[in-house]
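J.: Remember, the working numbering sits 330 above the position in the sequence shown when you count from 1.
Before I ask anything, let me first share the structure, which is written out below as structure tokens.
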Amino acid sequence: IEHRHNKRKILMQMLGVDIGGSGIKGCLVDTETGELIGERHRIATPQPATPAAVAHTLKALVEHFQWKGPVGCGFPATIHNGIAKNASNIDKSWIETDAAHLFADVTGLPCHVLNDADAAGLAEMRFGTGQDRQGVIILITVGTGIGTAVFVNGQLLPNTELGHLMLEGMVAEHYCSDAVRKREDLSWGRWGKRFNKYLARLEFLFSPDLFILGGGSAAKLDKFIDKIETRAPLVAAANLNQAGIIGAALYGAARQGG
Ligand code: BGC
331 IEHRHNKRKI LMQMLGVDIG GSGIKGCLVD TETGELIGER HRIATPQPAT PAAVAHTLKA
391 LVEHFQWKGP VGCGFPATIH NGIAKNASNI DKSWIETDAA HLFADVTGLP CHVLNDADAA
451 GLAEMRFGTG QDRQGVIILI TVGTGIGTAV FVNGQLLPNT ELGHLMLEGM VAEHYCSDAV
511 RKREDLSWGR WGKRFNKYLA RLEFLFSPDL FILGGGSAAK LDKFIDKIET RAPLVAAANL
571 NQAGIIGAAL YGAARQGG
């Protein structure tokens, strides 16, 4: 009984990792409750963020947690069967790199990789703002780039790259990402007006029932919510910036059959 109990405990825990343009963050996650176990750890993303450099940083993160189990990893690109297909905010050498295999080789652990926004979306639909919600839900993560996760009645349509829609003659993430807000020193109000245009475009194309905002900007929603005029409400992700880590762990657990 003791042995069975331990095994169950191990399956419930997973190392979730969120690989971003500026930081690589990880935490142990209880995949049954969605709660973080212990402290989150962050290591700055190596520059240039080549596959080898990122894989070694991931190894350092795994070693920090002395983790010996499978790993779920959110990655800021389209990930098709473990392979990165584009590279907007990471080194171009990622394109066609088998991230899942590379990470497994370097860490010696099974690694399950998915798009970072899809990871955040999975967490929000299971434990957060999207819990038990039907209809069309679009989660948007605003950070270095803009990532999206689209759900229909709780089912993910993976790898939507709606941060790359054209807006005002520009790729949307070059117009209203958080990196742009900082670079152009935009007030929250001015940035909010831009973001409202982006949401209006998404609303025209997809008629969602709900927008969920993830990434760093989610904690600042009150600073620009007065600029948002969409019919579908915009609400902050319940897990704010941690959703990517939690969702990556959920994905890892699902892939392990846990
Ligand atoms: C990438 C997406 C990613 C998003 C957020 C975009 O530039 O193309 O795959 O989800 O940034 O990191």
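The beta-carbon is built from N, C-alpha and C at its ideal position, and this holds for glycine as well.
Rounded to whole angstroms, what is the Cα-Cα separation between Thr592 and Leu580?
T.: Residue 592 cannot be examined here, being either before or after the span of the chain that is shown, 331 to 588.
J.: Check whether the segment 555-563 and the segment 369-385 touch, using three or more Cβ-Cβ pairs below 8 Å as the test.
T.: At 8 Å Cβ cutoff, the stretches do not touch.
J.: Can you give the beta carbon distance from Leu469 to Ala450, rounded, assuming they're within the 8 Å contact cut?
T.: Sure, about 6 Å apart at Cβ, within 8 Å.
J.: For Glu503, which three-state DSSP category applies?
T.: It is helical.
J.: Can you pull the DSSP bridge partners for Met496?
T.: BP columns for Met496 point to Val501.
J.: Under the criterion of a Cβ to heavy atom distance below 7 Å, does Asn571 qualify as lining the ligand BGC?
T.: No, the Cβ of Asn571 stays beyond 7 Å of every heavy atom of the ligand BGC.
J.: Within the chosen definition, does the segment 424-438 reach the segment 462-479 through at least 3 CB pairs nearer than 8 Å?
T.: Touching, no, given that fewer than three Cβ pairs across the two stretches are closer than 8 Å.
J.: How would you call Phe405, buried or exposed, if buried means at least 16 neighbouring beta carbons within 10 angstroms?
T.: Classification of Phe405: buried, given that the 10 Å Cβ count is 16 or more.
J.: Output the boundary residues of the alpha helix (DSSP H) element that contains Ala383.
T.: 381-394 is the extent of the alpha helix (DSSP H) around Ala383.
J.: Ile542 and Thr459 - do their beta-carbons sit closer together than 8 Å?
T.: Closer than 8 Å, so yes.
J.: Within the same chain, show all residues whose beta-carbon is closer than 6 Å to that of Asp428, passing over the 5 residues directly before and after it, in chain order.
T.: The residues are Gly412, Ile413.
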